[in-house]
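Shown next, in structure tokens, is the structure this report addresses.
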């Protein structure tokens with residue numbers, strides 16, 4: 020049986036992939052996806068909080084990609100914003116994971132069989148989250164993503180970038196990708212016209 024190829028909606032479930040790209044000054048690579056990138060509101064807060072983005076370079080880089088990025092509002096994120104308005108010292112620690120779980124529950128209830136969520140991640144503990152266990156989910160880590168861009172001739176410097184990224188990690192990332200498959204659908208994320 021021939022599977023229909025469908026694009027994905029990219030979901031970034033925690034701050035790690037974006038902050039890693041920021042460290043190697045390549046947030047622009049998020050534009051290589053042929054699909055919109057969804058970041059939950061509370062995860063965006065974690066990405067851009069002063070400890071992670073003191074000079075606002077990450078926030079500005081994400082703003083430049085506004086056509087590719089959609090911020091997903093959650094009740095967790097809205098509640099946190101209300102608390103922060105009353106107390107700017109409110110930390111919000113661990114709320115990103117809860118907000119992503121809320122979004123995953125929403126996706127599980129509302130999306131049909133032709134929708135394939137792609138979870139872009141770095142740390143293996145993300146695989147334990149509900150978002151990574153959605154039916155037919157496409158899983159891709161940063162190293163796997165960059166390596167595919169390299170293999171396709173779209174990012175010649177990818178191996179150097181992976182080496183740079185791994186030099187800052189306690190445990191090096193090994194490339195990982197699990198395509199979302201059903202009897203009728205195979206997911207894809209690559210936009211062949213991407214230029215860095």
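Residue numbers (the numbering used here): 20 to 215.
Note that CB positions come from ideal geometry on N, CA and C, so glycine has one too.
Source: prediction; values computed, not measured.
Three-state class that DSSP yields for residue i in the structure shown
{"i": "residue 136", "result": "strand"}
{"i": "residue 213", "result": "The predicted model places residue 213 with a pLDDT of 49, which falls under 50 and marks its position as unreliable, so this point remains unresolved."}
{"i": "residue 37", "result": "helix"}
{"i": "residue 46", "result": "helix"}
Heavy atom of the ligand ATP within 8 Å of residue i beta-carbon
{"i": "residue 155", "result": "Looking for the ligand ATP in the displayed structure turns up nothing, as the structure carries no ligands at all."}
Whether residue i touches residue j by CB criterion (9 Å)
{"i": "residue 32", "j": "residue 138", "result": "yes"}
{"i": "residue 37", "j": "residue 157", "result": "no"}
{"i": "residue 34", "j": "residue 65", "result": "yes"}
{"i": "residue 56", "j": "residue 122", "result": "no"}
{"i": "residue 96", "j": "residue 136", "result": "no"}
{"i": "residue 14", "j": "residue 166", "result": "This structure leaves residue 14 out entirely; the chain is present only between 20 and 215."}
{"i": "residue 43", "j": "residue 180", "result": "yes"}
{"i": "residue 209", "j": "residue 168", "result": "yes"}
{"i": "residue 60", "j": "residue 41", "result": "no"}
{"i": "residue 196", "j": "residue 172", "result": "no"}
{"i": "residue 127", "j": "residue 149", "result": "yes"}
{"i": "residue 87", "j": "residue 52", "result": "yes"}
Whole-angstrom C-beta distance between residue j and residue i, which should lie under 8 Å
{"i": "residue 161", "j": "residue 141", "result": "5 Å"}
{"i": "residue 58", "j": "residue 77", "result": "The pair is not a contact, with the Cβ atoms about 12 Å apart (cut-off 8 Å)."}
{"i": "residue 185", "j": "residue 191", "result": "4 Å"}
(request) Would you mind listing the alpha helix (DSSP H) stretches within the segment 117 to 200 that are 4+ residues and don't spill past its ends, in chain order? (result) 161 to 170 and 177 to 186
(request) Could you name each continuous beta strand (DSSP E) segment of 3 residues or more that falls completely within the segment 56 to 82, going from the start of the chain to the end? (result) 56 to 59
(request) Mind listing, in chain order, the continuous beta strand (DSSP E) runs of no fewer than 3 residues lying wholly within the segment 85 to 120? (result) 88 to 91
(request) Would you check if there are 3 or more beta carbon pairs closer than 8 Å linking the segment 116 to 124 to the segment 83 to 101? (result) yes
(request) Assess, as a yes-or-no matter, whether the segment 143 to 160 is touched by the segment 107 to 114 under the definition of 3 or more beta carbon pairs within less than 8 Å. (result) no
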